[in-house]
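In this note's numbering, the protein residues as written are 27 to 287. Beta carbons: idealized from backbone N, C-alpha and C, even for Gly. Since the structure comes first, as structure tokens, the remarks are kept for the end.
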């Protein structure tokens, strides 16, 4: 079995040592490389193929968001997943929609055991095998966006049912014969009609009583979303995660895979 290559970037020598030790002790067939600065990591990325990059939010020479943007745009690396770690949960949430260049976010306070499981969700083929049998309820009123996203879902062998408004989604989820067939809800936050995405999520969680373990909810949002107010409202309503438009295939599939895992 070929080794999977992981790059860890963290300005704290002690933190790097702890995380490296945990990864090596719990994951097999891993080639692990670590750096303390983003610049050193970018130089390394130019000549090495990677399966995953894990970075602290604040690095000595730049923020993780800036590193990710440089990697994607200046170095044309669009495929390697990037996980950003933060020790501040609320700050972590506020930064979830700060850039579409980062695939996942991890709260350090959850501990290294959870970090290992999170890393595995990106590396382990079991996630992709499960994703192939995943059934998605997709709520989106834009025909253009729907065409792009449904093509992505079909490419990865997902089954899905698409509706254009919150009311139709609730009807499907309230029906016992159909509700349990869905593994995840993917919904736009800005929907036409009486109910928007916030209303839909609240009705699912508190009206129908479907909790995150019953139905994970991934919300797509526009870059213009008010991050200080609306993001907090979305999570307060009961969403599991937010992904910013335009939806990028690798990021969308990774987020769905993480949630159903």
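Measure the beta-carbon distance from residue 243 to residue 262 and round it to whole angstroms, keeping in mind my assumption that it falls under 8 Å.
-> Your numbering for residue 243 matches position 217 in the chain shown. Your numbering for residue 262 matches position 236 in the chain shown. Not really, about 13 Å apart at Cβ, beyond 8 Å.
Please specify which runs of the beta strand (DSSP E), each continuous and at least 3 residues long, are wholly inside the stretch 50 to 78, giving them in chain order.
-> 56 to 61
Where are the beta strand (DSSP E) runs, 3 residues long or more, that stay fully inside the stretch 142 to 192, in chain order?
-> 161 to 165, 185 to 189
Nonlocal neighbours in the same chain, by C-beta distance under 7 Å from residue 200, ignoring five residues either side = The residue given as residue 200 occupies position 174 in the chain shown. If we look at residue 200 and ignore the five residues flanking it on each side, its Cβ neighbours are 234.
Residues in its own chain within less than 7 Å of residue 218 by CB, not counting five upstream and five downstream?
-> What you label residue 218 is simply residue 192 of the chain shown in a count that begins at 1. Answer for residue 218: 167, 191, listed in chain order.
Backbone CA spacing between residue 193 and residue 226 [nearest angstrom] = Residue 193 sits at position 167 when you count from the first residue of the chain shown. Residue 226 sits at position 200 when you count from the first residue of the chain shown. Approximately 8 Å, taken between the alpha carbons.
Give the secondary structure of residue 225 by DSSP, where H, G and I count as helix, E and B as strand, and everything else as coil.
-> Position 199 of the chain shown, counted from the first residue, corresponds to residue 225. Reduced to three states, the DSSP call for residue 225 is helix.
Contacting residues, own chain, Cβ-Cβ under 6 Å from residue 80 (five flanking each side not counted) | Here residue 80 corresponds to residue number 54 of the chain shown, with the count starting at 1. Taken in chain order, the residues that qualify are 34, 109.
From this set, 100, 111, 103, 246, which residue's C-alpha is nearest residue 90's C-alpha?
-> Start at 1 with the first residue of the chain shown, and residue 90 comes out as number 64. Closest by alpha carbon: 111.
Enumerate in chain order the residues of its own chain whose CB-to-CB distance from residue 122 is below 8 Å, with the five nearest sequence positions on each side excluded.
-> Here residue 122 refers to the residue found at position 96 when the chain shown is read from its first residue. In this prediction, residue 122 has a pLDDT of 49, which is less than 50 and means its spatial position is unreliable; what the coordinates show is noted afterwards. Only 131, 257, 267, 268 meet the Cβ criterion.
Under a Cβ-count criterion, where at least 16 other Cβ atoms within 10 Å of its own Cβ denotes burial, should residue 69 be classed as buried or exposed?
-> Indexing the chain shown from 1 puts residue 69 at position 43. Answer is exposed; the Cβ neighbour count stays below 16.
Within-8 Å CB hit, residue 206 to chain B | Among the chains in the structure shown there is no chain B, since it carries only a single protein chain.
In the structure shown, what three-state DSSP assignment does residue 122 receive?
-> The count along the chain shown starts at 1 and reaches residue 122 at position 96. Because the pLDDT of residue 122 is 49, which lies under 50, any placement of that residue in the model is unreliable, and the question is left without a value.
Inter-residue spacing [alpha-carbon to alpha-carbon] between residue 272 and residue 281 = For the purposes of this step, residue 272 is taken as the residue at position 246 of the chain shown. For the purposes of this step, residue 281 is taken as the residue at position 255 of the chain shown. Taking the straight line from one Cα to the other gives about 14 Å.
Sort out for me which residues DSSP pairs residue 245 with in a bridge.
-> The residue you call residue 245 lines up with position 219 of the chain shown. Paired residues: 213, 268.
Residue environment, residue 277, which counts as buried when at least 16 other CB atoms sit within 10 Å = Here residue 277 refers to the residue found at position 251 of the chain shown. That one is buried.
Go ahead and label residue 94 buried or exposed: buried means 16 or more other beta carbons lie within 10 angstroms of its beta carbon, across all protein chains shown.
-> On the chain shown, residue 94 is found 68 positions in, with the first residue counted as 1. With 16 or more Cβ atoms within 10 Å of its Cβ, residue 94 is classed as buried.
Measuring CB to CB, does residue 56 end up less than 8 Å from residue 32?
-> As a first step, residue 56 is located in the chain shown; it is residue number 30 there, counting from the start. As a first step, residue 32 is located in the chain shown; it is residue number 6 there, counting from the start. Yes, the pair counts as a contact, with Cβ atoms nearer than the cut-off.
Where does residue 253 fall in DSSP's three states?
-> Taking the first residue of the chain shown as 1, we reach residue 253 at position 227. Unreliable positioning characterises residue 253 in this predicted model, as indicated by a pLDDT of 49, which lies under 50. The coordinate reading is nonetheless provided below. Residue 253: coil per DSSP, three-state reduction.
Would you report the Cα separation of residue 198 and residue 147, rounded to the nearest angstrom?
-> For the purposes of this step, residue 198 is taken as residue 172 along the chain shown, with counting starting at 1. For the purposes of this step, residue 147 is taken as residue 121 along the chain shown, with counting starting at 1. Cα to Cα, the separation comes out at about 29 Å.
Residue 180 burial status per 10 Å Cβ neighbour count (16 or more: buried) | For the purposes of this step, residue 180 is taken as the residue at position 154 of the chain shown. Exposed.
Burial state of residue 74, where buried means 16 or more other Cβ atoms lie within 10 Å = By 1-based counting over the chain shown, the position of residue 74 is 48. The residue in question, residue 74, is exposed, as its Cβ has fewer than 16 Cβ neighbours within 10 Å.
Which of helix, strand or coil does DSSP assign to residue 219?
-> What you label residue 219 is simply residue 193 of the chain shown in a count that begins at 1. Three-state DSSP puts residue 219 in coil, outside helix and strand.
Ordered list of beta strand (DSSP E) runs contained in the stretch 78 to 103, each at least 3 residues | 78 to 82
DSSP three-state call for residue 276: helix, strand or coil?
-> The residue labelled residue 276 in the question sits at position 250 within the chain shown. In the structure shown, residue 276 sits in a helix (DSSP, three-state: H, G or I).
For residue 105, the first and last residue of its enclosing beta strand (DSSP E) | As a first step, residue 105 is located in the chain shown; it is residue number 79 there, counting from the start. From DSSP, residue 105 is part of no beta strand (DSSP E); its letter is neither H nor E.
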